[in-house]
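Asker:
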Amino acid sequence: MRPVRNTLTTGAVIALVVGLTATAAPAQAATPGASTPAAGTRCATGTLSVQTLRSGCTVSSGTVALPDGRTFAVPAPGESVMASSSAAPGAPELAEVVIANTGTGGVAVRIDEGWSGSAPAVRREQARSAAASAAAGAPAAPAATAAATTKCTSTANARNPYRWPSTVQWYYNESGQKSSYAKDALRKAANAWTGTIASCDRTVTSSARNSYVRLATQVPGLTDKGGCSKSNGYSVVGWGKLPSGTLGVTCVWYDGNGIAKESDQRYATSYKWSSTTACSGARFDTQAVATHEWGHLYGLGHVKTGTGQVMEPSGGYCDTGSRTLGLGDMTGIAAIY
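Residues in the sequence shown are numbered consecutively from 2, following this note's numbering.
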């Protein structure tokens, strides 16, 4: 498992993509022999490599191709997009990605803990992350201990660089859904993080809110490889192809102040799912996996494996226990909202 990001992390132990929009597959960067654009000038249109972005050229539209084959539509100047995911047991995780378009400063790209792209944009985004981490009072991550590895004793939680200032209005595309009652399970998952939350003999209050609008024909803005497409202002949850080992991906678009504006989620059609009260066999529980993805949507990141929290990077078959938040999950959502 890859190292867990410490930035914006709090809890005794520190450590899954909803999107609510899709683009096509990748092409790698600049043509051999093409001249490197100068800092502050416009990048070439089309598909850009991370290497090209290092020049400091500016981007108003286009696509960034990552080394792993994923493509991301460049967000509007002053905005960012973040992709988070959940993995099947034993499968490698998709790297967490942030594409930050700072405008005149160029574009910064974070793949897990590594930053690249325009140097001024990278410095700006690193400073923002450090300031947010300091404001959260995040301590250094201690090693997991036996006393802090259960659902109701670990306060492990990690925060992403955004939050929602108002109700998340979302739509559902049922095309390809892998289980009956999937929509009901998704709604329960969305509500697990809102209002009065009682678990682990504790109660917290969260001001996070969501409202299911209606069924939609529009597909979530994600690619088959787990990248994020262009924002269109609508948050859509749906089903489709994802990389092997990936259960769900959430894309969140947010502005320079960390205010989320849209989120799309896609759940993998290559696995068997269950959306009923009882779950059995080699199936993944829709509500449990979606609770994890909605955690990402609301602003929570992954925590360390072994802490017993919903926001661990992966979950097992019929993991119905992850329909309910752990102490760290509750601590994290209450801190954000």
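The beta carbon of each residue, even a glycine, is placed where N, CA and C say it ideally should be.
Do you know offhand how far Ile100's Cα is from Tyr173's?
Answerer: 25 Å
Asker: Can you grab the Cα-Cα spacing for the pair Lys184 / Thr42, in whole Å?
Answerer: 46 Å
Asker: With distances taken from CA atoms, which of Thr154, Gly228, Trp194, Lys189 is nearest Thr64?
Answerer: Of the listed residues, the one whose Cα sits closest to Thr64 is Gly228.
Asker: In angstroms, rounded to a whole number, what distance separates the CA positions of Leu326 and Val98?
Answerer: Distance between the alpha carbons of Leu326 and Val98 is about 25 Å.
Asker: Classify Ile198 as buried or exposed, calling it buried when 16 or more other Cβ atoms lie within 10 Å of its own Cβ.
Answerer: buried
Asker: For the beta strand (DSSP E) containing Glu80, name the first residue and the last one.
Answerer: 80-88 is the span of the beta strand (DSSP E), which, as asked, contains Glu80.
Asker: Alpha carbon to alpha carbon, what distance is there between Cys201 and Arg324?
Answerer: 13 Å
Asker: Exposed or buried, which one is Ala131 when buried takes at least 16 other CB atoms within 10 Å?
Answerer: exposed
Asker: Count the other C-beta atoms from every protein chain shown that fall within 10 angstroms of the C-beta of Asn102, then say buried if there are 16 or more, exposed otherwise.
Answerer: buried
Asker: May I have the straight-line CA-CA distance separating Ser180 from Ser271, to the nearest angstrom?
Answerer: Annotation: Ser180 to Ser271 spans about 12 Å, alpha carbon to alpha carbon.
Asker: Determine which residues share a DSSP beta bridge with Ile260 and list them.
Answerer: Arg164
Asker: Using the beta-carbon count (16 or more within 10 Å), is Lys273 buried or exposed?
Answerer: Under this definition Lys273 is an exposed residue.
Asker: Look at the alpha carbon of Val205 and the alpha carbon of Ile337, and state the distance between them as a whole number of angstroms.
Answerer: 12 Å
Asker: According to DSSP, which residues form a beta bridge with Cys229?
Answerer: Leu223
Asker: Taking the straight line between their C-alpha atoms, what separation do you get for Ser155 and Gly300?
Answerer: 19 Å
Asker: Quick check: Ala40 and Ser56, are their CB atoms within less than 8 Å of each other?
Answerer: yes
Asker: For Val75, which three-state DSSP category applies?
Answerer: coil
Asker: Helix or strand or just coil, what does DSSP make of Val311?
Answerer: coil
Asker: Using DSSP's beta-bridge definition, name the partner residues of Arg215.
Answerer: Per DSSP, none; premise fails for Arg215.
Asker: Taking DSSP's pairing of strands, which residues face Ala183 in a bridge?
Answerer: Paired residues: none, contrary to the question.
Asker: Which class does Trp194 belong to by DSSP, given the choice of helix, strand or coil?
Answerer: coil
Asker: What did DSSP end up calling Ser130 once you bin it into helix, strand or coil?
Answerer: helix
Asker: So for Tyr235, helix, strand or coil by DSSP?
Answerer: coil
Asker: What is the C-beta distance between Leu216 and Ala291, in whole angstroms, given that I count them as a contact (C-beta under 8 Å)?
Answerer: That belief does not hold up - the Cβ atoms of Leu216 and Ala291 are roughly 17 Å apart, past 8 Å.
Asker: From Pro244 to Glu126, what does the alpha carbon distance come to, in whole angstroms?
Answerer: 28 Å
Asker: To the nearest angstrom, how far is the alpha carbon of Pro162 from that of Asp113?
Answerer: 14 Å
Asker: What does Ile337 pair with, by DSSP beta-bridge criteria?
Answerer: Per DSSP, none; premise fails for Ile337.
Asker: Less than 8 Å between the beta carbons of Glu80 and Asp256, yes or no?
Answerer: With contacts defined by Cβ atoms closer than 8 Å, Glu80 and Asp256 form a contacting pair.
Asker: Output the distance between the C-alpha atoms of Ala89 and Gly317, rounded to the nearest integer angstrom.
Answerer: 7 Å
Asker: How is Tyr173 classed by DSSP in three states: helix, strand or coil?
Answerer: If DSSP states are grouped into helix, strand and coil, Tyr173 belongs with the strands.
Asker: Look up Val304 in the DSSP assignment and say whether it is helix, strand or coil.
Answerer: coil
Asker: Note down the Cα distance separating Ser73 from Ala66, rounded to an integer number of angstroms.
Answerer: Before going further, note that residue 73 is Phe rather than Ser in the sequence given. Cα to Cα, Phe73 sits roughly 7 Å from Ala66.
Asker: Here's the rule: buried if 16 or more other CB atoms are within 10 angstroms of the residue's CB, otherwise exposed. What is Cys44?
Answerer: buried
Asker: On the DSSP bridge assignment, give the partners of Gln266 in chain order.
Answerer: Val238, Thr251
Asker: Below 6 Å CB to CB, which residues in the same chain sit around Lys152 once its five sequence neighbours on both sides are set aside?
Answerer: Gly309, Gly327
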